[in-house]
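Everything below concerns the one structure shown next.
Number of protein chains: 2
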Amino acid sequence: MQETRLDIARIRAARQAIAPIFLDTPLYRCEALEPGLGCAVSLKLETVNPIRSFKARGTEIIASDLAASGQRAVVCASAGNLGQALAWSGRSRGLDVTVVASRSAPAVKLERIRALGASLELVDGDYDTACARAAAIARHRGIRRVEDSVDVETCDGAATIGMELVSGAHRFDAVLVALGTGALASGVGYAVKTLAPEIEVICVQPAGAPAMTRSWHERRVITTDTTDTIADGVAGRIPNPDALWDLLVVADDAVLVQESSIIAGMRMLLDHAGLVVEPSAALGIAAILEDRERFAGRHVATILCGSNVDMDAYHSWVGATPVGAVAVDVRDPYQG
Amino acid sequence: MQETRLDIARIRAARQAIAPIFLDTPLYRCEALEPGLGCAVSLKLETVNPIRSFKARGTEIIASDLAASGQRAVVCASAGNLGQALAWSGRSRGLDVTVVASRSAPAVKLERIRALGASLELVDGDYDTACARAAAIARHRGIRRVEDSVDVETCDGAATIGMELVSGAHRFDAVLVALGTGALASGVGYAVKTLAPEIEVICVQPAGAPAMTRSWHERRVITTDTTDTIADGVAGRIPNPDALWDLLVVADDAVLVQESSIIAGMRMLLDHAGLVVEPSAALGIAAILEDRERFAGRHVATILCGSNVDMDAYHSWVGATPVGAVAVDVRDPYQG
Chain A
1 MQETRLDIAR IRAARQAIAP IFLDTPLYRC EALEPGLGCA VSLKLETVNP IRSFKARGTE
61 IIASDLAASG QRAVVCASAG NLGQALAWSG RSRGLDVTVV ASRSAPAVKL ERIRALGASL
121 ELVDGDYDTA CARAAAIARH RGIRRVEDSV DVETCDGAAT IGMELVSGAH RFDAVLVALG
181 TGALASGVGY AVKTLAPEIE VICVQPAGAP AMTRSWHERR VITTDTTDTI ADGVAGRIPN
241 PDALWDLLVV ADDAVLVQES SIIAGMRMLL DHAGLVVEPS AALGIAAILE DRERFAGRHV
301 ATILCGSNVD MDAYHSWVGA TPVGAVAVDV RDPYQG
Chain B
337 MQETRLDIAR IRAARQAIAP IFLDTPLYRC EALEPGLGCA VSLKLETVNP IRSFKARGTE
397 IIASDLAASG QRAVVCASAG NLGQALAWSG RSRGLDVTVV ASRSAPAVKL ERIRALGASL
457 ELVDGDYDTA CARAAAIARH RGIRRVEDSV DVETCDGAAT IGMELVSGAH RFDAVLVALG
517 TGALASGVGY AVKTLAPEIE VICVQPAGAP AMTRSWHERR VITTDTTDTI ADGVAGRIPN
577 PDALWDLLVV ADDAVLVQES SIIAGMRMLL DHAGLVVEPS AALGIAAILE DRERFAGRHV
637 ATILCGSNVD MDAYHSWVGA TPVGAVAVDV RDPYQG
C-alpha cells in the first residue's frame with residue numbers, strides 16, 4: 001500500500017485517548033434486512049452514544065491533546081455532528097469550544113451543540129461557508145481550528161472503527177462507508193486495507209453532493225457549485241487534496257446513489273432493524289439497493305454513522321407511510 | 337441479603353457461555369431526555385443485537401448447557417422475545433427448537449422466530465396458555481422446557497446486565513427495570529444489590545398487567561384473570577412463586593404505570609434519543625414521567641430491554657403525530 005497520512009501504530013495508541021463509550025460499538029449481522037437486500041449484511045452502530053454519531057472518536061483525540069498541551073479554546077466548522085462531538089469532548093476537558101455551522105443545518109444538531117455548552121455561530125451559506133468562517137475565527141483568536149479530514153486525527157478516530165470491523169467475529173467481503181469530507185472513509189479504509197486488505201472498501205456519496213466521488217474517479221480535486229441532498233452530513237462542495245490522496249490509496253471504489261435510495265435505506269433500517277438513522281447513515285444500504293448484483297451472496301458491512309435527524313423531516317421521509325407508497329427508483333424488495 | 341436462587345459466582349462463570357454480541361451493551365447518559373424528565377438518565381441498550389432483546393443472555397447459557405450434555409431438542413413458551421432468543425441460541429448449536437406462542441403476539445416476533453429456524457406452534461389464548469402447552473409438549477416428547485423466570489438461567493442471564501450496570505463509569509441512584517415474569521427484574525436486582533446495594537432497584541409493570549407487582553406488595557402470589565396492556569412482553573397473569581421470592585429479596589419497590597405513560601415514554605425515546613423500543617422497554621421512562629418528584633435530581637438508569645414491535649402499531653402509538661397531540665395522563669414535558 002502506498003503511503004498515506006495515517007499510521008496504524010499511531011491509531012492504536014490514539015484509542016487510549018477515546019472515552020470507552022465511543023469504542024467497541026455494536027457490530028452484528030442483521031438477518032431481517034437480508035431478504036430485501038440479497039446479501040448478508042452486518043451493521044456497525046455509531047448511533048448509540050451520547051452524541052449519536054462516530055465523530056467523537058476523532059474529537060476525543062484532539063481535545064485530549066489540546067488539554068495536555070495547556071490550550072484552552074478550539075473552533076470548528078461543522079455540518080452538525082463534528083460540532084456536537086467537539087463540544088462533548090471539550091466540555092469534559094474544560095475547553096472553550098466554538099462551532100460554526102450553516103443556519104440551514106438540522107435544528108436538532110444545532111440544539112445539541114448549544115446544549116453541550118459550545119458557542120454556536122451560524123452562517124448564511126453551507127458547510128464550506130462555515131469552514132471559511134471557522135478559519136477566520138481561528139486566525140483572529142489565535143486558537144486551534146479543527147477541520148474534518150484535514151486534521152488527521154479526524155481520520156485516525158474513524159480508523160478505530162475500521163480496526164473494530166476487522167477484529168469482529170465475521171469476515172466481510174466488502175465494507176460500505178459514507179463519503180463526505182473523506183475523514184470517515186479514509187480512516188476506515190486505511191485500517192481495513194492495512195489489517196484485512198482482501199476486504200473491498202466502497203465509498204458511497206449522494207449523487208446530489210458528488211464532489212469527492214468525482215474527484216476520486218478523476219484523481220484530481222473537482223469542486224461543485226452547489227449540493228442538493230437530504231444527507232446533510234456529507235454535503236461538501238470542496239474536497240481536501242490530502243484527504244483525496246489518502247482515499248485514492250485506500251478505497252477500491254466510490255459510487256453515487258439517488259435520494260430515493262437513501263430514503264428507501266432509511267425506511268428499511270427502521271422497518272426491519274428498528275433503527276433510526278440520519279440520511280448519511282443509510283448510504284451503504286442505498287448502494288446495495290442500487291446494485292444488488294454486485295453484492296449478491298456476499299457479506300457486506302456498513303457503518304451507521306449517525307442518527308441526528310430532525311424528526312419532522314424523518315417522519316416525512318420514512319414515517320407512517322406504508323412501504324411502497326413513496327416513489328423510489330429501486331424496486332421495493334418487500335413488495336415481491 | 338437473604339438467600340435467593342441466584343449466585344454471583346455462578347453468574348460470573350455463566351458470562352463465558354454467552355456470545356459476545358449480547359454482552360457489554362451500550363450504557364450511556366442521554367442528556368437530551370433529561371429536560372423532559374427532571375433527572376439524569378442513563379440508558380442500557382439491549383436492542384442492538386441480532387434478536388433485538390436481552391433474552392439471549394439467558395438462552396445462551398441454557399443452549400450451551402444442553403449442547404454440552406448432548407441434548408438435541410428444547411421447547412419454550414414465549415411472549416415473542418424468549419422464543420427468538422432460544423431459536424438463535426439453539427440454531428448455532430444444532431438444537432431442534434420449538435416455540436409456543438399466542439396467536440395474538442406481535443407478528444414481527446412470530447416471523448422472526450420462524451426465520452431463525454424454530455418450529456412455531458400458535459395457541460389461542462395468552463402467554464400463560466402458551467406456557468401450559470409448552471409444558472405438555474415437553475412431557476410428551478421428553479425434552480427440556482425453558483420457562484422464563486422459573487429456569488434460573490433466565491435470571492442469571494439478566495443478572496449479567498446488572499453486573500454491567502454497576503461496573504460502568506457512572507454511579508446510579510436508582511435502576512428502573514421492566515417487570516413481567518420477574519426474570520429480568522430479579523436477575524438485574526440481584527446483581528445490583530450484591531455489587532452496589534446502595535442503588536435503589538425499582539420494578540415497573542403496566543397497570544393493565546399487575547399480577548407480579550400486586551404479589552410483591554402483598555408478599556404472596558396473586559393472579560389475575562386477564563391482562564390489558566400494549567406491553568405484550570410483560571403481560572403475564574400467573575406469577576411464579578420462586579421468582580416472586582427472589583424479587584422480594586432484591587427489589588426495593590414495584591410500581592404500576594398507565595398505558596398513556598408507556599406511549600409517552602416510547603415517544604420521548606424516539607424524539608429525543610432516536611431509539612425505537614417496544615412498549616415493555618419504555619416502562620422505566622413511564623415510571624419517571626408518573627413520579628417526577630421521586631426522581632428529581634437523581635441519576636437513574638433504565639434498561640431498554642427490547643425493540644421487537646410491529647411497525648404499524650408503533651406508528652399508531654408514536655409515529656408522525658406531533659408530541660402533545662395524543663391525550664396522555666402526564667403533562668408533556670416539552671410543552672412547558
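Top to bottom, those sequences are chains A and B. For the first sequence, my numbering gives the first residue as 1, with consecutive numbering after it. For the second sequence, my numbering gives the first residue as 337, with consecutive numbering after it. For glycine and all other residues, C-beta sits at the position ideal for the given N, C-alpha and C.
Within 9 Å of the CB of Asp271 (chain A), the CB atoms of chain B belong to Met647, in sequence order along the chain. Going by DSSP, Arg114 (chain A) is part of the alpha helix (DSSP H) stretching over Ala107 to Ala115. Within 10 angstroms of the beta-carbon of Glu554 (chain B) lie fewer than 16 other beta-carbons, which makes it exposed. Beta-bridge analysis with DSSP links Gln205 (chain A) to A:Leu256. The beta carbon of Asp124 (chain A) sits closer than 7 Å to those of Arg103, all from its chain and outside the five residues before and after it, given in chain order. Within the same chain, Ala376, Phe508 and Asp509 come within 6 Å of His635 (chain B) by CB-CB distance, once the 5 residues on both sides are set aside.
Secondary structure of Leu195 (chain A) (DSSP, three-state): helix. Under the 8 Å criterion on CB atoms, Leu45 (chain A) is classed as interfacial with respect to chain B. C-alpha of Leu369 (chain B) to C-alpha of Ala9 (chain A): approximately 38 Å in a straight line. Interface flag for His651 (chain B) against chain A is set, since a Cβ pair is found closer than 8 Å.
Listed in chain order, the non-local C-beta contacts of Pro50 (chain A) below 7 Å within the same chain comprise Ile21 and Trp88, local neighbours out to five positions each way being set aside. Within the segment 273 to 291 of chain A, contact with chain B at the beta-carbon level (separation under 9 Å) is assigned to Ala273, Gly274, Leu275, Val276, Val277 and Glu278. Not a single CB atom of chain B sits nearer than 8 Å to the CB of Glu293 (chain A). Taken through DSSP and simplified to helix, strand or coil, His140 (chain A) comes out as helix. With contacts defined by Cβ atoms closer than 8 Å, Pro542 (chain B) and Val511 (chain B) do not form a contacting pair.
When only Cα atoms are considered, Ala130 (chain A) and Ala101 (chain A) end up about 5 Å apart. When Cβ-Cβ separations below 8 Å define contact, Ser307 (chain A) makes contact with chain B. Boundaries of the alpha helix (DSSP H) around Val318 (chain A): Met311 to Val318.
In chain order, Arg448 and Ala451 make up the part of chain B whose C-beta sits under 8 Å from the C-beta of Ala32 (chain A). DSSP places Ala56 (chain A) within a helical segment (H, G or I) once states are collapsed to three. Annotation for Leu456 (chain B): the continuous beta strand (DSSP E) segment containing it runs Ser455 to Val459.
When Cβ-Cβ separations below 8 Å define contact, Ile357 (chain B) makes contact with chain A.
Contact of Asn49 (chain A) with chain B by beta-carbon distance below 8 Å involves Pro362 and Tyr364.
Taking a Cβ-Cβ cut-off of 8 Å, Gly38 (chain A) has no neighbours in chain B, whose nearest Cβ is about 16 Å from it. Spatial neighbours of Ser616 (chain B) in its own chain (CB-CB distance under 8 Å, excluding positions within 5 residues in sequence) are listed in chain order as Ala514, Gly516, Ala567, Asp568, Gly569, Val570, Cys641 and Gly642.
Burial is judged here by how many other beta carbons sit within 10 angstroms of a residue's own beta carbon; Met337 (chain B) has fewer than 16 and is exposed. Listed by position along chain B, the residues whose Cβ is nearer than 7 Å to that of Arg52 (chain A) are Gly610.
Residue state for Glu34 (chain A) is assigned as helix, using DSSP reduced to three classes. In the DSSP assignment, Gly642 (chain B) is bridged to B:Ser389. In this structure the segment 159 to 171 of chain A does not touch the segment 130 to 140 of chain A; the number of beta carbon pairs closer than 8 Å is below three. Between Glu626 (chain B) and the set B:Ala600, B:Thr638 and B:Arg429, the nearest pair of CA atoms involves B:Ala600.
In the three-state DSSP reduction, Ser414 (chain B) falls in the strand class (E or B). Distances from the CA of Arg573 (chain B) to each of B:Arg550, B:Asp588, B:Val585 and B:Val591 were compared; the closest alpha carbon is that of B:Arg550.
Taking each of B:Ile538, B:Leu359, B:Asp492 and B:Thr395 in turn and checking the Cα distance to Arg429 (chain B), the smallest one comes out for B:Thr395. For the pair Leu110 (chain A) and Leu120 (chain A), the CB atoms are nearer than the 8 Å cut-off. Not one beta carbon of chain A lies nearer than 8 Å to the beta carbon of Gly493 (chain B).
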